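I have placed the structure first, in the form of structure tokens, so that the comments after it can refer back to it.
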Amino acid sequence: MLNGRDTRALSKKQYTRFRNENVGWVFQNFKLIDNMTVADNVGLPLQYQGKPHKEIRRIVEDVLAQVGILDKADTYPKLLSGGQQQRVAIARAIVTNPNIVIADEPTGALDSATTIEIMDVLGA
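The sequence shown begins at 1 in full-length UniProt numbering and counts up one residue at a time.
The structure is reproduced here in structure tokens:
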């Protein structure tokens, strides 16, 4: 059960959509797509939801600002530090405003000041 919904009763397609809308994931190795910019990586869950491009760009910019890397929006992941890549992964996890964020060491590559900021963003 999640949000009062029995997820066992959902079809595979319904479950995928439900998961996209309700769960954010931060993987330990980030799972960023190297040939996509930071903004495109973060916006991918919103594209899956069918949101318009302008709305995606606005939401992505807001989330990137929250995690302190708006200036890296047009950069490719391989050009970022480990801490910056981690913030991209966190931004992607929260871009849909999910009810749950599942994170494996979400601040492991961050300095202590950034860790505090990110924990605030995550609501922890």
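The C-beta atom is built at its ideal place from N, Cα and C for all residues, glycine as well.
Computed from a prediction, not measured in an experiment: that's the story for all the values here.
Beta-carbon gap between residue i and residue j smaller than 8 Å
i, j, result
"I90", "V38", "no"
"T114", "G82", "no"
"D34", "P77", "yes"
"L46", "I56", "yes"
"A93", "G24", "yes"
"V88", "L80", "yes"
"I102", "L110", "no"
"Q28", "D120", "no"
8 Å contact criterion, which residue i and residue j should meet: CB distance rounded
i, j, result
"L32", "Q85", "6 Å"
"E122", "P98", "At residue 122 the sequence reads Leu, which differs from the Glu that was named. 11 Å between Cβ atoms; not a contact."
"G43", "V95", "7 Å"
"I100", "N22", "6 Å"
"R5", "F18", "7 Å"
Span of the beta strand (DSSP E) around residue i
i, result
"A9", "Here A9 belongs to no beta strand (DSSP E), and DSSP marks it neither H nor E."
"A109", "Per DSSP, A109 belongs to no beta strand (DSSP E) and is neither H nor E."
Beta bridge counterpart(s) of residue i as assigned by DSSP
i, result
"L122", "Looking at the DSSP assignment, L122 forms no beta bridge with any residue, so it has no partner."
Quick one: which unbroken alpha helix (DSSP H) runs of 4-plus residues sit fully inside the UniProt domain "ABC transporter" (8-107)? Chain order, please.
12-22, 38-48, 53-66, 82-94
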